[in-house]
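Numbering (the working numbering), first residue to last: 816 to 1017.
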Ligand code: SIN
């Protein structure tokens, strides 16, 4: 579905983020809610050759895979008036051109039960995308994230900030895929940190 078709005649649009958008939307919006979408699982299965990796060493970033009983937590942002075109133009470069993500509409359910569910635009990368990487073991994904870096920053920053968002904004949710990769990635750096600590205190 093309974003132009989605926004035709609309004065308000919700955009759901479940990766770096949760901690760095970087577009003007009217308000935002933490919440979730049903039927999708968040996985570090997409390759990133721009923001968090390079052609030689693609980073690993999240995408969504359809799975009946799953749900994925994140943040939905409402854009209104001129913010709609501005945010879509910005996100088209950030998510589609540089990231390889396409768009879909999903139902977003806010954590705050006093707020209504809304239809939201979401960016998803599928396996027909050339930079899609697919499954790998927790240790393999962690090792790749530990060493990759792109034009926006280190791949591990992306992982740690996403895990931090989940712990702060929805502490009751156990995202086992995310937290096990975080744990494995931190274990890679532990000997280096201990060695540095030893040098400082010696
Ligand atoms: C993205 O929004 O997909 C990439 C931006 C980032 O890695 O910070």
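Just so it is clear, CB atoms sit at the ideal spot from N, CA and C, and this is done for glycine as well.
This one's a predicted model, so the numbers in the text were calculated from it and none came from an experiment.
How far does the alpha helix (DSSP H) with residue i in it extend, from its first residue to its last?
| i | result |
| --- | --- |
| residue 844 | Looking at the DSSP string, residue 844 is not in any alpha helix (DSSP H), and its letter there is neither H nor E. |
| residue 925 | Residue 925 -> not in any alpha helix (DSSP H); beta strand (DSSP E) instead, spanning 917-925. |
| residue 997 | 991-1016 |
Put residue i into one of helix, strand or coil per three-state DSSP.
| i | result |
| --- | --- |
| residue 905 | helix |
| residue 866 | coil |
| residue 900 | helix |
| residue 966 | coil |
| residue 1037 | No statement about residue 1037 is possible, as the shown extent of the chain runs from 816 to 1017 and does not include it. |
| residue 957 | helix |
| residue 823 | coil |
For the ligand SIN, is there any heavy atom lying closer than 7 Å to the beta carbon of residue i?
| i | result |
| --- | --- |
| residue 866 | yes |
| residue 964 | no |
| residue 915 | no |
| residue 975 | no |
| residue 839 | yes |
| residue 903 | no |
| residue 967 | yes |
| residue 979 | no |
Name the DSSP beta bridge partners of residue i, please?
| i | result |
| --- | --- |
| residue 891 | 831, 848 |
| residue 875 | 862 |
| residue 880 | 856 |
| residue 947 | 861 |
| residue 886 | 853 |
With respect to the beta strand (DSSP E) encompassing residue i, which residues constitute its N-terminal and C-terminal limits?
| i | result |
| --- | --- |
| residue 938 | 933-939 |
Count Cβ pairs between the stretch 912-932 and the stretch 837-845 that sit closer than 8 Å; are there 3 or more?
They do not touch, by the three-pair rule.
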